[in-house]
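Visitor:
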Amino acid sequence: MGETTTLGDVVDILTGYPFKSADFTQNPEDVPLLRGDNVVQRRIRWDGVQRWPRSGAESFAQYRLALGDVVLAMDRPWIEAGLKVSDVREGAIGALLVQRVARLRAKDGLDQGYLKWLLYERRFTDHILGVQTGTAVPHISKTQIQNYRVSLPPLDEQRRIASALGAFEDLIHTNHRLVDGLWQRAAAAYQAAAASGELSVLSEHIELKYGKAMPARDRRPGPHPVVSSAGIVDHSDAVLARGPGVVVGRKGTVGSVTWVFDDFFPIDTAFFVATDLPMAYAYFALRDAGLEHMNTDSAVPGLNRTNALSRLVAVPGTARLEAFDREAQVYLSGVRALEGEIADLMRTRDELLPLLMSSKIRVSESMAVT
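Once you know that position 28 of the sequence shown is 28 in the UniProt record's numbering, the rest is easy, because the numbers rise by one and skip nothing.
#1: Which word fits Gly290, buried or exposed, when buried means at least 16 other C-beta atoms lie within 10 angstroms of its C-beta?
#2: On a CA-only basis, which of Asp37, Arg160, Val226, Val315 is nearest Gly245? Give me that one, please.
#3: Taking Arg122 as the reference, give the member of Lys107, Leu303, Val254, Gly82 with the closest Cα.
#4: Are Ile361 and Ile145 closer than 8 Å when you measure CB to CB?
#5: Using the three-state DSSP reduction, which class does Glu207 fall into: helix, strand or coil?
#6: My output table needs one value for Ile44: the three-state DSSP class, helix, strand or coil.
#7: Three or more C-beta pairs under 8 Å: does that hold for the segment 138-157 against the segment 317-328?
#8: Can you tell me which of Val11, Arg43, His176 puts its alpha carbon nearest to the alpha carbon of Asp108?
#9: Using CA coordinates, which residue listed in Gln26, Ser55, Glu169, Ala195 is at the minimum distance from Thr348?
#10: Only counting the same chain, and skipping five residues up and downstream in sequence, which positions put a Cβ closer than 7 Å to that of Val131?
#11: Would Val98 pass as a contact of Arg51 if the rule is Cβ separation under 8 Å?
#12: Using the Cα positions of Ser256 and Leu286, report the straight-line distance between them to the nearest angstrom.
#13: Lys209 and Ala308 look like a contact to me (Cβ under 8 Å); what is the Cβ gap, rounded to whole Å?
#14: Who does Phe272 pair with in a DSSP beta bridge?
#15: So, with DSSP's three-state summary, where would you put Ser366?
#16: Please report the residue range of the beta strand (DSSP E) in which Val70 lies.
Encoded structure:
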């Protein structure tokens, strides 16, 4: 490895602008705002995206994101699913950086593609966990990011490592796009079915049951997903609910809606769903209900179960519901197969990452891992 230095010496770090929420829009023609909630584990998601009027965006040009930028959430930077850090890909180019999100760009001597892998390493996560402060909303500062110490190999080796790991990342992102496309088709099928339905309140068809506490120290290894408000965060041998199922965020990521294929264990930051509807229909009905906007506790975000179940849902007749479910199952089967491929790719990538970054294995000039 090369000379040890700090991240601040080799990276330009910009924190976002405090855009006024009163001026946010939902107009798809306006410029997306990248907030901390949009940054997840090595991905950027646009659920609940807010936008800034395009007519006023030019004055914030310095906050525009470029391809390959690395972004890191500074409020609640780590959740049980992992560190909220990602690189910027095609869908986020030109988005505006919002306060409490950091944008990192490499200076001379550091390859931008290699930079993200420095931040994806477990060692950087441990650094963030060691320096974050605050209890209700843990947070980090720009200085704490800058103080992280790194050892850099020569630039050509950085690029080879980034390219080798990036090949896995590209396949993973391609599969994620295919998964997103299947979910979109299932959502369109739901909208078509709901259009012929009659309105009723969610509580007539859906029950939200409380998850149970399962501290990480008490989990035994197993095949069953452990699901929090942030989604699937672990696996264990314990089962609380049968799959397929739906989990709704109660604390933390309020109003999130997660689909789970297998038997699972929802923890106490989440509700899980019992319903007389096809489970896929309940999933889309809950996603359509706007639960993410129903935070009832300003200090610690929380979803009130009674309020959530008072939302309206359109429910069609039995024959139409069954037709929807048959169509949805085709798409969900595709999603499940692709997610299996994604899991295999991620496992291989994550096994290679520490070995490459520590030079225990090397990438030759021919790009073969040796």
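Where is the CB? At the ideal position from N, CA and C, for every residue including glycine.
Guide: Per the coordinate set shown:
#1: exposed
#2: Val226
#3: Gly82
#4: no
#5: strand
#6: strand
#7: no
#8: In this structure, Val11 is the residue among Val11, Arg43, His176 with its C-alpha nearest to the C-alpha of Asp108.
#9: Glu169
#10: Ile140, Gln144
#11: no
#12: 9 Å
#13: Lys209 to Ala308, Cβ: 13 Å. No contact.
#14: Lys209, Val247
#15: Confidence at Ser366 is low in this model, with a pLDDT of 47, below 50, so the placement of that residue should be treated as unreliable; the coordinate-derived value is given next. Looking at Ser366 - three-state DSSP - the assignment turns out to be coil, as it is neither helix nor strand.
#16: Looking at the DSSP string, the run of the beta strand (DSSP E) that includes Val70 is 70-73.
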